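To start, the structure under review is shown below, and the notes come after it.
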Amino acid sequence: MVDYRPLPDDRTEEFRSFVTYAFRPESGPHDPDEDDEPPEPAQVGDPYGVFDGDDLLAVCRHYWFTARVRGDTHPMAGLSAVATPPENRRRGLVRDMLAESLREYRDRDTYLSALWPFKHPFYAQFGWATATEYVTHECPPDALAFARDAELPGTWSRLDADDWNRLPDVLAAHGERYELTLDRTEEWWRKRVFRGWDTDPYVYCWRDATGTDRAYVVYRVASDDGKTLTVQDAAWTDYDAYLAILGFLADHDSQVETVRLRGPVDSPLLDVVDDPGEVETTVSAGPMVRLVDVAAALTAFDYPPVDATLTISVSDALADWNDDSFRLTVTDGTPEIERTTADADLALDVGTLTQLAVGHRTIRDLARTRALRADDDTLDTLRDLFPETTTFLREGF
Numbered sequence: 003m004v005d006y007r008p009l010p011d012d013r014t015e016e017f018r019s020f021v022t023y024a025f026r027p028e029s030g031p032h033d034p035d036e037d038d039e040p041p042e043p044a045q046v047g048d049p050y051g052v053f054d055g056d057d058l059l060a061v062c063r064h065y066w067f068t069a070r071v072r073g074d075t076h077p078m079a080g081l082s083a084v085a086t087p088p089e090n091r092r093r094g095l096v097r098d099m100l101a102e103s104l105r106e107y108r109d110r111d112t113y114l115s116a117l118w119p120f121k122h123p124f125y126a127q128f129g130w131a132t133a134t135e136y137v138t139h140e141c142p143p144d145a146l147a148f149a150r151d152a153e154l155p156g157t158w159s160r161l162d163a164d165d166w167n168r169l170p171d172v173l174a175a176h177g178e179r180y181e182l183t184l185d186r187t188e189e190w191w192r193k194r195v196f197r198g199w200d201t202d203p204y205v206y207c208w209r210d211a212t213g214t215d216r217a218y219v220v221y222r223v224a225s226d227d228g229k230t231l232t233v234q235d236a237a238w239t240d241y242d243a244y245l246a247i248l249g250f251l252a253d254h255d256s257q258v259e260t261v262r263l264r265g266p267v268d269s270p271l272l273d274v275v276d277d278p279g280e281v282e283t284t285v286s287a288g289p290m291v292r293l294v295d296v297a298a299a300l301t302a303f304d305y306p307p308v309d310a311t312l313t314i315s316v317s318d319a320l321a322d323w324n325d326d327s328f329r330l331t332v333t334d335g336t337p338e339i340e341r342t343t344a345d346a347d348l349a350l351d352v353g354t355l356t357q358l359a360v361g362h363r364t365i366r367d368l369a370r371t372r373a374l375r376a377d378d379d380t381l382d383t384l385r386d387l388f389p390e391t392t393t394f395l396r397e398g399f
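So the number in my numbering is just where the residue sits in the sequence shown, counting from 1, plus 2.
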C-alpha cells in the first residue's frame, strides 16, 4: 500500500531527478554530483512524496502562504512540483497525492489551495479552478518613451537581497486592489524574488523626492530572437509610480529590442501609450485555486453587512468532507454554516464555488455560461454575499 509522507533530506536528489524529468527533460538526466545543493528558489517549501515501502513513486512540494481574500488575510497552501516518472504514471498516484495533500492542508486549518497548472483541465478534474487571468504586453522600449515626459522627481536604485524590506510596503499598496495577493515572508523575498533558478534577476526600486519607496521592478534580459527585457514582477503605489516604471523600462532602448511585461488584466498600459498598436497584448489563464474545506472557508471569509440564508449543494470528487449540502446563514455580515438534508437553492462543483468565493467570477458571468443555475432570488442573494472583486495571484511557484 502506498504511503504519503514528508520527503527525508537524504532523498533530495531523487526529488530533483523527478522534477527535472517532469519539467525540463530536454536538459538530460539530473546529475547529483553536478551541484552541491539545490538553487535557492528550490530551498523554499516542504517536499513530500508517495512511497511504496522505501520506493519513491511521486513527489510534490507544499508552500504555506497568507493570502488576501475579500479584504482580509487567510492561510493558503501552494502546491507545486507535482511529478511522477513515466514508469509510475497511469496508476492514480497523482490523484492519491492530491487527495492526501488536501487532508494535510485541512489538518493544518488551511482551507485554500493554489497551484500553477501544466494543463488547466488536468487539475480542473480534481476541483481546482482558474482564479486569475493575466495580461502580457510586448512592445519596443520606444513605445514607453511617453512616460519620460512626466519628469517625476525621484531616483532608481538597484537592490540586493539584504534590501528586501524596502519592497513589502510597495507590494501591499499595490495588492490592496487584488484578492489573492500574498503576504510574502523574508525567505520568499530573498530566495524567490532576488534569486533565480539559473541566473538572478535585476531588482530595482524607485524612491520619490520625499524618500518614500513607491515602485519596484524585477526583470531579466535574454537574447532569444533579439534581446528582450522580461518583467517578472512589478508593483506600484499609484499612477505616477506606474509611469516611473514605464520610463525606467523605456530607458533600455539602447540595450533591448523588446520589453515584455506581465501584469493584472486591469493594467492601464493600452490606455496611456501613444500608439496601442505598437503593443502586442495577450490574455492568459493563470493559477488555479480551490476550497480545501468548504465549511471552514465560508465561515472564515468576510461578508457585507447583510442578512441572508442560502442552501448550497457542493460536489467534490476528491474531498468527501465537501461533497455535501450546506446551509449558510449570514446575519449582519456574520456567517454560520451547518450541514443539511434540505433541498438546495443551488448546486455547484467545488471549483465554481471557489471562483465565486474568492471573487474571480461574478454571478452574472457564472449564470451566463451556465456554470451556475438558480432562480432570480437566489442569484440576488449570491450577489449580496459575494460582491464582485478583482483577483491577481502574481507569484510563480
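Backbone N, C-alpha and C define an ideal beta-carbon position, used for all residues, glycine too. None of the values given here were measured: they were computed from a predicted structure.
- Message: Rounded to the nearest angstrom, what separates V21 and W166 at their Cα positions?
- Response: 29 Å
- Across which residues does DSSP place P337 in a beta bridge pair? V332
- Item | D334, buried or exposed, once every other Cβ within 10 Å from all chains shown has been counted against 16 | exposed
- Whole-angstrom distance between T157 and P123, CA atom to CA atom: 45 Å
- Query: Taking buried to mean at least 16 other C-beta atoms within 10 Å of its own C-beta, is S159 buried or exposed?
  - Reply: exposed
- What residue from C141, L182 and F394 has the CA that sits closest to P278's CA? C141
- Task: Report all residues from its chain with a CB closer than 6 Å to the CB of Y206; omit the five preceding and five following residues, and keep chain order.
- Result: W158, R160 and V219
- Measuring CA to CA, which of R216, A174 and Y221 is closest to L395? A174
- Message: Within the continuous beta strand (DSSP E) that includes H76, where are the two ends?
- Response: D74 to A85
- Assign D33 to one of three DSSP states: helix, strand, or coil. coil
- Query: Just curious, the beta strand (DSSP E) that P8 is in, first and last residue?
  - Reply: D5 to P8
- So, using beta-carbon positions, are T239 and V258 closer together than 9 Å? no
- Message: My assumption, with CB atoms under 8 Å, is that T354 sits in contact with L374. Please give the rounded CB distance.
- Response: 6 Å
- Hey, how far is the Cα of V4 from the Cα of D164? 43 Å
- Compare the beta carbon distance of L358 and F388 with 9 Å and say whether it is the shorter of the two. yes
- Query: At what residues does the alpha helix (DSSP H) containing F250 begin and finish?
  - Reply: Y241 to A252
- How would you label A252, buried or exposed, when you count the other beta carbons within 10 angstroms and need 16 or more for buried? buried
- Task: Assign P143 to one of three DSSP states: helix, strand, or coil.
- Result: helix
- Counting along the chain, where does the alpha helix (DSSP H) carrying Q357 start and finish? V352 to V360
- Which residues bound the alpha helix (DSSP H) around G177? P170 to G177
- Task: From the DSSP output, in three-state form, read off R370 for me.
- Result: helix
- Item | 8 Å contact criterion, which Y204 and E102 should meet: CB distance rounded | Contact flag wrong, Cβ pair sits at about 40 Å.
- Is any beta-carbon of chain B found at less than 9 Å from that of A302? Absence of chain B from the displayed structure is noted, only one protein chain being present.
- Message: Assuming contact is defined by CB atoms lying nearer than 9 Å, are L330 and T380 in contact in what I supplied?
- Response: no
- Query: Nearest to E390 by alpha carbon, out of G361, L368, D378 and L384?
  - Reply: G361
- Task: Return helix, strand or coil for A152, following the three-state DSSP convention.
- Result: helix
- Message: According to DSSP, is D273 part of a helix, a strand, or is it coil?
- Response: helix
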